[in-house]
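The structure appears right after this line, and notes come after that.
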Amino acid sequence: MTKRSPQFPTISLESVSLLAMEWTEQLTPELKRRVLAETRVRKVLAEAFVCRKGEPVTAWIGVLTGLVKLASTMPNGRSVSFTGVPAGGWFGEGSL
Numbered sequence: 002m003t004k005r006s007p008q009f010p011t012i013s014l015e016s017v018s019l020l021a022m023e024w025t026e027q028l029t030p031e032l033k034r035r036v037l038a039e040t041r042v043r044k045v046l047a048e049a050f051v052c053r054k055g056e057p058v059t060a061w062i063g064v065l066t067g068l069v070k071l072a073s074t075m076p077n078g079r080s081v082s083f084t085g086v087p088a089g090g091w092f093g094e095g096s097l
């Protein structure tokens with residue numbers, strides 16, 4: 002009979018990236034567990050929309066990699082960029 006290796010929980014690359022962010026350093030182990038349990042990761046292609054004006058806001062949106070541009074299109078069709086949110090940043094708390 003052979004000994005079995007201990008079972009270690011698997012952790013995704015997204016979870017590792019999330020817990021490496023500076024704001025998680027101050028969290029208790031319980032809060033870190035909740036962050037991992039309650040966070041949903043969605044990959045978005047370059048130049049695709051993360052969210053659109055008028056959609057219901059149900060959560061903050063964090064950026065694990067890349068850059069999210071916050072912009073709006075005016076009625077005349079011109080685009081206005083407000084800011085860029087880099088990896089490690091988030092937005093949406095004002096809308097919540």
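Residue numbering for the sequence shown follows my numbering, starting at 2 and increasing by one per position.
Ideal placement from N, C-alpha and C gives every residue a C-beta, glycine not left out.
Per DSSP, the bridge partner or partners of residue i
i	result
L1	The requested residue 1 does not occur in the structure, where the chain is confined to residues 2 to 97.
L68	P87
V81	S73
Contact belief for residue i with residue j at Cβ below 8 Å, rounded distance in angstroms
i	j	result
S104	K54	One cannot answer for residue 104 here, as it falls past the ends of the chain, which runs 2 to 97.
A88	L65	6 Å
Nearest-angstrom Cα separation, counted from residue j out to residue i
i	j	result
V45	G85	15 Å
I62	S96	11 Å
P7	S16	Only weak support is given to the placement of P7: the predicted model assigns it a pLDDT of 48, under 50, and the value that follows is read from those uncertain coordinates. Spanning the two alpha carbons is a distance of roughly 21 Å.
E31	L37	10 Å
M75	E26	40 Å
F9	L28	Unreliable placement is indicated for F9, whose pLDDT of 44 sits below 50; the coordinate value is still reported in the next sentence. Near 22 Å, if we compare the C-alpha coordinates of L28 and F9.
V69	E23	19 Å
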